[in-house]
Amino acid sequence: MDRSDKSQVVENPFWVRTDRRIKTYLAGTSRYRGLSTLRIVDFKKVPPNPDQSRRYAIYGDVLACFLFLQEWEPSVVSFGMGEGKRPVTEDDPAVDASAPVISKLASGEYVWTTCVTGLPKSKRGKNRLDACAREAREQGARHQIFTYDDGRANHQRLENVVTLNSMLHRVPGDRYDCRVELAAIRDALKLRPTTTLEYLQAAEGVSVAKMQGSVAALLHSGDLETVKGLDRETFSLVSELRWSKLS
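The sequence shown begins at 690 in our numbering and counts up one residue at a time.
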C-alpha cells in the first residue's frame, strides 16, 4: 500500500478492526483534523439492545489514541480498562474516559495510565490524578499520564499502526492459509539481512493481500521490525524489514 492509497483511505470515514487483546473499532473522519476525530467503539463491551439495534461505547479522543498505540506495542502483554468515575452496568456498559488503562508488560510490571487532554490546573483535577496514582501504588503498579501532546508526539507511529492494522485484518491469519507467504519471508531474510514489502509481494506464487497481512502480523507480534522504526518514517512498500532482535 503506497502513501497515496493510505491517505485516501484515512481521508474518508473508515473502520479498522483489531482482535489481539480487545475487540475495538477505530473511526476516523479526516486526516487533517488530528486526534479530535478519533473514536474507539468497543462492540465486545456493548451488547445489542432488545430490539437488536447496535449501541456504541464512545471513548475519549486521547484514550482512543493510547489504546491503539498499546495494541501495537510489543512490550505490552495485555491491557484493559480500570474503573472510571461512572459505574459500568449491564444497562449502560460504556467505559468513560476517566478510567485508567491497566497494562501488563512483558517484564511483569503493571502500569496504570490516565489519559487526559492536558495536565489539570484545578485542585479537583489534580486530586483525581493523585488518587489514581495512589491507588496504582497500592496495587503495586506504576502510574503515568498520557496527554493530547503525547498523542501528537506519536502521530507517525499512530499513522503507521492504523495502516498496518488495516493490512492485518484484511486477511486475518486465523481464516486464511498464509504458509506460502510466511515461507517467502523466511527465504528472503535468509538471503540478506533486510527485505521490503515490495520485494516480498513480487515473490513467485504469493498473494499480495496475504503477504501484506503476513508482514503486518509479524510486525504486530514483534517478530519483524522496521529498520528505521515505526515512529520515525511512514511505513511504505520500500520500508526495510528485518527479524526483530527480540525474536
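Think of the CB as a built atom: it goes at the ideal place given N, C-alpha and C, for glycine as much as any other residue.
For residue i, the first and last residue of its enclosing beta strand (DSSP E)
{"i": "K917", "result": "Premise fails: K917 is in no beta strand (DSSP E) and is neither H nor E."}
{"i": "S764", "result": "Premise fails: S764 is in no beta strand (DSSP E) and is neither H nor E."}
Backbone secondary structure at residue i - three-state DSSP
{"i": "Y865", "result": "coil"}
{"i": "L926", "result": "coil"}
{"i": "G829", "result": "coil"}
{"i": "R931", "result": "strand"}
Selection from the options that minimises the alpha carbon distance to residue i
{"i": "F755", "options": "L818, E848 and A820", "result": "E848"}
{"i": "A830", "options": "T885, T884, Q845 and L794", "result": "L794"}
{"i": "A905", "options": "A891, S928, E893 and A825", "result": "S928"}
{"i": "V751", "options": "H844, V765 and A892", "result": "H844"}
{"i": "K899", "options": "R841, L886 and L930", "result": "L886"}
{"i": "G918", "options": "V869, Y888, V850 and E893", "result": "V850"}
{"i": "V800", "options": "V766, V897 and D876", "result": "V766"}
{"i": "C821", "options": "E772, G797 and R841", "result": "E772"}
{"i": "D863", "options": "D920, S903, E798 and V805", "result": "S903"}
{"i": "G894", "options": "R826, A873 and T923", "result": "A873"}
{"i": "G769", "options": "G797, P763, T802 and S796", "result": "T802"}
Residue i classed as buried or exposed, judged by whether at least 16 other C-beta atoms fall within 10 angstroms
{"i": "F866", "result": "Correcting the residue type first, residue 866 is Asp in the shown sequence and not Phe. D866 comes out exposed."}
{"i": "V860", "result": "buried"}
{"i": "Q828", "result": "exposed"}
{"i": "E760", "result": "buried"}
{"i": "A916", "result": "Reading the sequence as shown, one finds Val at residue 916 and not Ala. Result: exposed."}
{"i": "A891", "result": "exposed"}
{"i": "S910", "result": "exposed"}
Where the alpha helix (DSSP H) containing residue i begins and where it ends
{"i": "V897", "result": "V897 to S910"}
{"i": "A753", "result": "D750 to E760"}
{"i": "E887", "result": "L886 to Q890"}
**Q.** beta strand (DSSP E) segments (min. 3 residues) lying fully within the stretch 794-865
**A.** 799-804 and 831-835
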